[in-house]
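Trainee: Sending over a structure as structure tokens; questions will come in a sec.
Numbering (mature numbering (1 follows the signal peptide of the UniProt record, and there is no 0)), first residue to last: -23 to -1, 1 to 281.
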């Protein structure tokens, strides 16, 4: 009897173990199924984001291409002009004043101005650096050339920055789209960690937007206003004036007369000192010369 009871207990134990195993297996299968569904959902979301980003990229590329095409059609190009002039003028002050008034009339402004001495005592040289609106750029150069006596150098250079400007514009739009997304994500964020990560990304994007905007503003300003550097040198003909001062003719004559007498006295004194001081040598030289003369004369007489 006891054996039957033990057998029944063993059978019940195995049945309970089997039921427990089935429940655990079912739970594991349910968990795996849920994880698979989550992974699938995440993949679908990732694909949607990638597709959206690709669409945005294509749209931006299309906008960039359209902008470049429109720029080519309208010839609205971004070109930075720099000009350097070296001229000669008759009157430096008048030329500088005229150039300043022409800069104001053209709608420009002076960036730098220098004045220093020229090659001669009365002449001046200097430099004027100005920013001129591109629409008045050529006309301004012509007026400066016509107002100068001589144009020594005229150099004009241009740098086309249209492609860089269009590229910056496209990058700015893309960064602004990312900024908008990050702001929307920040509003929906619930965890502090997610909020901090989004804040870091947003700060980086906003910094890049500021850099792009600054570069675009710089290129816009440089292309709107040309830089002109004018170097001026004065070539003034100075006519000497009649000397109206007292010439002191009589005093200068007496001074010159006394200087002549003093010169003669000094010469006579020097000659006397030379002769008297060197008299022994002079007498010796005279004796030697007399001896040579007599010997030469005797030889000549014998030959005759």
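Heads up, the beta-carbon is just placed ideally off N, CA and C, and yes, glycines get one too.
Determine the closest residue to residue 196 out of 77, 144 and 226, with distance taken between C-alpha atoms.
Mentor: Minimum Cα distance to residue 196 is reached at 144.
Trainee: Could you tell me if residue 272 is buried or exposed, where buried requires 16 or more neighbouring beta carbons within 10 angstroms of its beta carbon?
Mentor: Burial call: exposed.
Trainee: Taking the continuous alpha helix (DSSP H) assigned at residue 79, which residues delimit it?
Mentor: Start and end: 69 to 82.
Trainee: Residue 101 to residue 192, Cα distance in whole Å?
Mentor: So the alpha carbons of these two residues sit roughly 39 Å apart.
Trainee: Once the 5 residues before and after residue 189 are set aside, which same chain residues still bring their CB inside 7 Å of it?
Mentor: 145, 148, 149 and 152, listed in sequence order.
Trainee: Which residue comes first and which comes last in the beta strand (DSSP E) that contains residue 138?
Mentor: Element bounds for residue 138: n/a, residue is neither H nor E.
Trainee: Count the other CB atoms, across all protein chains shown, that sit within 10 Å of the CB of residue 267; report buried if there are 16 or more and exposed otherwise.
Mentor: Exposed, by the Cβ-count rule.
Trainee: Whose C-alpha, out of 103, 113 and 78, is nearest the C-alpha of residue 58?
Mentor: Among 103, 113 and 78, the Cα nearest to that of residue 58 belongs to 113.
Trainee: Tell me which residue opens and which closes the alpha helix (DSSP H) that residue 237 is part of.
Mentor: Segment 226 to 254, the alpha helix (DSSP H) holding residue 237.
Trainee: Three Cβ pairs or more, each shorter than 8 Å: is that satisfied between the region 103 to 112 and the region 196 to 206?
Mentor: The region 103 to 112, when compared against the region 196 to 206, does touch it at the 8 Å Cβ threshold.
Trainee: Between which two residues does the alpha helix (DSSP H) containing residue 53 stretch?
Mentor: Premise fails: residue 53 is in no alpha helix (DSSP H) and is neither H nor E.
Trainee: At the level of alpha carbons, what is the spacing between residue 79 and residue 158?
Mentor: Looking at the two C-alpha atoms, the distance is approximately 51 Å.
Trainee: So, under 8 Å CB-CB, residue 67 and residue 139 are touching, yes? Tell me the CB distance rounded to an integer number of Å.
Mentor: Not really, about 42 Å apart at Cβ, beyond 8 Å.
Trainee: Can you tell me the Cα-Cα spacing of residue 278 and residue 253, whole angstroms?
Mentor: Cα-Cα distance, rounded: 37 Å.
Trainee: Tell me, which residues are paired with residue 59 by DSSP?
Mentor: In DSSP, residue 59 forms a bridge with 134 and 204.
Trainee: In whole angstroms, give me the CA-to-CA distance for residue 237 and residue 259.
Mentor: Roughly 30 Å separates the two Cα atoms.
Trainee: Can you tell me whether residue 282 is helix, strand or coil according to DSSP?
Mentor: This structure leaves residue 282 out entirely; the chain is present only between -23 and 281.
Trainee: Evaluate residue 60 with the Cβ neighbour count: other Cβ atoms within 10 Å of its Cβ, from every protein chain shown; 16 or more gives buried, anything less gives exposed.
Mentor: By the 10 Å Cβ count, residue 60 comes out buried.
Trainee: What's the gap between the Cα of residue 122 and the Cα of residue 142?
Mentor: Looking at the two C-alpha atoms, the distance is approximately 33 Å.
Trainee: If you draw a straight line from the C-alpha of residue 132 to the C-alpha of residue 62, how long is it?
Mentor: Roughly 7 Å separates the two Cα atoms.
Trainee: Buried or exposed, going by whether 16 or more other CB atoms sit within 10 Å of the CB of residue 211?
Mentor: Classification of residue 211: buried, given that the 10 Å Cβ count is 16 or more.
Trainee: How far does the beta strand (DSSP E) with residue 122 in it reach, from first residue to last?
Mentor: That residue, residue 122, is in no beta strand (DSSP E); its alpha helix (DSSP H) goes 114 to 123.
Trainee: Would residue 179 and residue 156 be called neighbours here (beta carbons separated by less than 9 Å)?
Mentor: Yes, the Cβ-Cβ distance between residue 179 and residue 156 is below 9 Å.
Trainee: Report the three-state DSSP secondary structure of residue 156 (helix, strand or coil).
Mentor: In the structure shown, residue 156 sits in a helix (DSSP, three-state: H, G or I).
Trainee: Please list the terminal residues of the continuous beta strand (DSSP E) segment that includes residue 102.
Mentor: 101 to 110 is the extent of the beta strand (DSSP E) around residue 102.
Trainee: Using the beta-carbon count (16 or more within 10 Å), is residue 46 buried or exposed?
Mentor: Caution applies to residue 46, whose pLDDT of 42 falls short of 50 and renders its modelled position unreliable; the value that the coordinates give is listed next. Residue 46 comes out exposed.
Trainee: Is residue 117 buried or exposed, if buried means 16 or more other CB atoms sit within 10 Å of its CB?
Mentor: The residue is buried, with at least 16 neighbouring Cβ atoms inside 10 Å.
Trainee: Can you tell me the Cα-Cα spacing of residue 76 and residue 183, whole angstroms?
Mentor: Rounded to the nearest angstrom, the two C-alpha atoms are 44 Å apart.
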